[in-house]
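A short worksheet on the structure shown next.
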Amino acid sequence: MLQLSAYKPLPQPENSATAALENTLPEPARTALQSLTQTVGGVLQGLPALPFALPLHNGFVVFFGGGVGLYVALKLLLAYRRRRAFKGAVQAGKQLILSLADRLQIRRKQLVFQNAYGTTIYDKWEREKTAFMQREMLTHLSEQGYEAYFERATPTLLAYLDQVAFDTPPAPEQKLSNPDVYSPDMDPFDYERYCARLLRQMGWEAIATSECGDQGADVVASRGNTRIILQCKLYTKAVGNDAVQQVSAARQHYGARFAAVVSNAPYTIPAQQLAKTNKVFLLHHDELQRFVRRVEKSPTFRLR
Numbered sequence: 001m002l003q004l005s006a007y008k009p010l011p012q013p014e015n016s017a018t019a020a021l022e023n024t025l026p027e028p029a030r031t032a033l034q035s036l037t038q039t040v041g042g043v044l045q046g047l048p049a050l051p052f053a054l055p056l057h058n059g060f061v062v063f064f065g066g067g068v069g070l071y072v073a074l075k076l077l078l079a080y081r082r083r084r085a086f087k088g089a090v091q092a093g094k095q096l097i098l099s100l101a102d103r104l105q106i107r108r109k110q111l112v113f114q115n116a117y118g119t120t121i122y123d124k125w126e127r128e129k130t131a132f133m134q135r136e137m138l139t140h141l142s143e144q145g146y147e148a149y150f151e152r153a154t155p156t157l158l159a160y161l162d163q164v165a166f167d168t169p170p171a172p173e174q175k176l177s178n179p180d181v182y183s184p185d186m187d188p189f190d191y192e193r194y195c196a197r198l199l200r201q202m203g204w205e206a207i208a209t210s211e212c213g214d215q216g217a218d219v220v221a222s223r224g225n226t227r228i229i230l231q232c233k234l235y236t237k238a239v240g241n242d243a244v245q246q247v248s249a250a251r252q253h254y255g256a257r258f259a260a261v262v263s264n265a266p267y268t269i270p271a272q273q274l275a276k277t278n279k280v281f282l283l284h285h286d287e288l289q290r291f292v293r294r295v296e297k298s299p300t301f302r303l304r
């Protein structure tokens, strides 16, 4: 009678390929491989006795056991990598949706509406989502190397897209604006009032035209027989030709002697060239009071 010990799994040397592979597996795969090894060993122990002796170090058993273990380990490793790549694809897609949240919310408001019977119509919004996924999302995932997971990730990303698009954005933080104190975040109308205040400090009668009409001038200031027209631009970029053209036309409308553009920003080269041709001064608001002093010293200036 053959001893059941012939079915016992053979001990593997520590430097075997299976042991080396097991050490490189992530924890979930390593645990599953160890459980499988114990299960296979139990099955072999339960087999009936063979009619011939099976040596402890039989090469076939070693080869078979090692091959099964290696195959299972590779399958587990590939499954782990696929799960990790899928999670990466979902995360990349959600980041794209978040980066476009404000635009998606606007499109949802434009395309989702109620008909004359009070029924909410989503047809156009559903088409918009499909187009978004086929263009922007597929392109984005392809650039990130996740194109193979696009179809699998689509249901999750569509649900997240709806969640973001139907979310009510928080009200924008109200920025404090004081016409008496300059700030780059101040209201543009308060910036006009701020420039007018600088002129009043110099003894001029100055009014911001937002209170009484524009005609291309933001501030009209006068003292004696001299009148100055200002175009005030609170910008985050360089001021262009439009401001020069507007204040030049306003000078004729108001019969002013001097015209200037006042801004917190620099001026483009074309604006500087056009201003020189039309005799328009280009100023920073910190230069405004010094400019007024020069006007008062000019030969044409008269208090009466």
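For the sequence shown, UniProt numbering assigns the number 1 to the initial residue and increments by one for each residue that follows. No residue lacks a Cβ here, since even glycine has one placed at the ideal position from N, Cα and C. As the structure is a prediction and not an experimental result, all values here were calculated from the model.
Item, Value
"Measure the C-alpha to C-alpha separation of V112 and H140 and round it to an integer number of angstroms.", "26 Å"
"Kindly confirm or deny that the region 97 to 116 and the region 147 to 167 touch, where touching means at least three C-beta pairs closer than 8 Å.", "yes"
"Closer than 6 Å by C-beta to residue 348: which residues in its own chain qualify, once you throw out the five before and the five after it? Chain order, please.", "The requested residue 348 does not occur in the structure, where the chain is confined to residues 1 to 304."
"Looking at the structure shown, is H284 part of a helix, part of a strand, or coil, going by DSSP?", "strand"
"Should V280 and A249 be called a contact, given that it needs their Cβ atoms to be closer than 8 Å?", "no"
"Who are the near neighbours of V164 in its chain, counting only those whose CB is closer than 7 Å to its CB and skipping five residues on each side?", "I97, L98, A101, L104"
"Give me the Cα-Cα distance between L230 and D286, rounded to the nearest whole angstrom.", "14 Å"
"How far does the alpha helix (DSSP H) with S222 in it extend, from its first residue to its last?", "Element bounds for S222: not the alpha helix (DSSP H) but the beta strand (DSSP E), 219 to 223."
"Please report how far the alpha carbon of Q289 lies from the alpha carbon of N264, in whole angstroms.", "14 Å"
"Where DSSP assigns a beta bridge to S142, which residues make up the other side?", "For S142, which the question treats as bridged, DSSP gives no partner whatsoever."
"Out of curiosity, what's the CA-to-CA distance linking W125 and H284?", "48 Å"
"Verify whether the separation of the beta carbon atoms of N241 and A196 is less than 8 Å.", "no"
"Could you spell out where the beta strand (DSSP E) holding A196 opens and where it closes?", "It is not in any beta strand (DSSP E) - A196 instead sits in the alpha helix (DSSP H) that spans 188 to 201."
"CA-CA distance, Y110 and T277?", "Checking the sequence shown, residue 110 turns out to be Gln, not Tyr. Roughly 47 Å separates the two Cα atoms."
"Anyone know if the C-beta pair for E128 and R107 falls short of 8 Å?", "yes"
"Report the CB separation of V90 from A148 in whole angstroms; it is logged as a contact under 8 Å.", "In fact, because the Cβ distance is near 13 Å, the residues do not count as touching under 8 Å."
"I'd like the span of the alpha helix (DSSP H) that includes A265, first residue to last.", "Per DSSP, A265 belongs to no alpha helix (DSSP H) and is neither H nor E."
"Select from M133, Y146, T120, Y117 the residue whose C-alpha is nearest the C-alpha of R83.", "Y146"
"Helix or strand or just coil, what does DSSP make of L230?", "strand"
"How would you write the range of the alpha helix (DSSP H) that E151 sits in, first residue to last?", "150 to 165"
"How should T168 be labelled, buried or exposed, when 16 other C-beta atoms within 10 angstroms of its C-beta is the threshold for buried?", "exposed"
"For Q144 versus A217, is the C-beta distance shorter than 8 Å?", "no"
"If we define contact as Cβ-Cβ less than 8 Å, is N115 a contact residue for chain B?", "Among the chains of the structure shown, chain B does not appear; only one protein chain is present."
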